[in-house]
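S.K.: Residues 6 to 196 in the numbering used here are what the sequence shown spells out, letter by letter.
Idealized CB from N, CA, C, for every residue including glycine.
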Amino acid sequence: MTYLPFIVVSLLLAGAVWQDVHSRRIPNQLVLAGLVLAFALQIVLPSGDGLFVKPFGSIGLLWSLAGFGMGLALLLPMYALRALGAGDVKLLAMLGAFVGPGAVVGIAACTLVAGGVLALVVSLYLGTLKRMLGNSVHLVAHSVFGALNGQSAAIAAPAAPSGKLPYAIAIAAGAAPYFVYAALHGASLFA
6 MTYLPFIVVS
16 LLLAGAVWQD
26 VHSRRIPNQL
36 VLAGLVLAFA
46 LQIVLPSGDG
56 LFVKPFGSIG
66 LLWSLAGFGM
76 GLALLLPMYA
86 LRALGAGDVK
96 LLAMLGAFVG
106 PGAVVGIAAC
116 TLVAGGVLAL
126 VVSLYLGTLK
136 RMLGNSVHLV
146 AHSVFGALNG
156 QSAAIAAPAA
166 PSGKLPYAIA
176 IAAGAAPYFV
186 YAALHGASLF
196 A
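1. According to DSSP, simplified to helix, strand and coil, what is G72?
2. List the DSSP bridge partners of G55.
3. Go through its chain and collect everything with a Cβ distance to L194's Cβ below 8 Å, but skip five positions before and after it.
4. Have a look at M75, V104, L79 and flag the residue whose alpha-carbon is nearest the alpha-carbon of V13.
5. Would you kindly work out how many angstroms separate the C-alpha atoms of R87 and L80, rounded to a whole number?
6. Given a threshold of 16 other Cβ atoms within 10 Å of its Cβ, counted over all protein chains shown, does A175 qualify as buried or as exposed?
7. For A119 and I31, which I take to be in contact (beta-carbon distance under 8 Å), what is that distance rounded to the nearest angstrom?
8. Among S28, F61, A19, which residue has its Cα nearest to the Cα of H190?
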């Protein structure tokens with residue numbers, strides 16, 4: 006039974022990556038199925054420290070909901086800035102329902118690093134590195150100088166976007182350290 010959550014999350018992340026790479030979408034049905042499975046595991050299993058750590062068991066429905074909410078809150082600002090799609094935000098929220106609020110913060114931090122690496126690799130491959138770096142400078146300069154002048158935090162989109170990334174790859178890569186560490190050590194890397 007202790008491997009069931011690993012298998013479930015691995016299949017969900019693999020499905021999300023495959024869908025995102027092929028269609029640039031993460032289907033709501035996949036995320037909803039993941040949420041139902043996460044909540045079901047949290048309800049059915051006896052209490053413990055988590056689905057991936059020792060002592061194995063449920064963190065409870067309330068902590069699962071808190072993890073969902075935290076995952077949603079962490080990436081929602083990037084969705085509001087149109088830097089991420091809604092599916093990416095919902096995918097991290099779904100992971101939060103499995104791991105809880107503390108662990109999803111660490112997974113989100115690793116996801117952002119993985120997303121930066123992914124952006125560099127893809128822009129190098131597509132030959133758009135110069136445009137991506139220019140967009141990054143534009144983003145930082147616009148927000149810093151706007152804030153210094155007392156303007157709102159609204160960020161204008163760059164004139165020449167450098168493309169869309171299948172961000173489910175970054176989310177899966179960001180979650181990998183947590184799941185590998187939990188599998189090897191029976192403890193949470195982040196919480």
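M.R.: This is what the structure holds:
1. Three-state result, G72: helix.
2. DSSP output for G55 lists F61 as bridge partner(s).
3. Closer than 8 Å at the Cβ level, and outside the excluded window around L194, lie A108, G111, P182, Y183, Y186, A187.
4. It is V104.
5. Distance from the CA of R87 to the CA of L80, rounded to the nearest whole angstrom, comes to 11 Å.
6. Taking all protein chains in view, the Cβ of A175 is crowded by 16 or more other Cβ atoms within 10 Å, so the residue is classified as buried.
7. Between the beta-carbon of A119 and that of I31 there is about 16 Å, and that puts the pair past the 8 Å contact cut.
8. The residue with the shortest Cα to Cα distance from H190 is F61.
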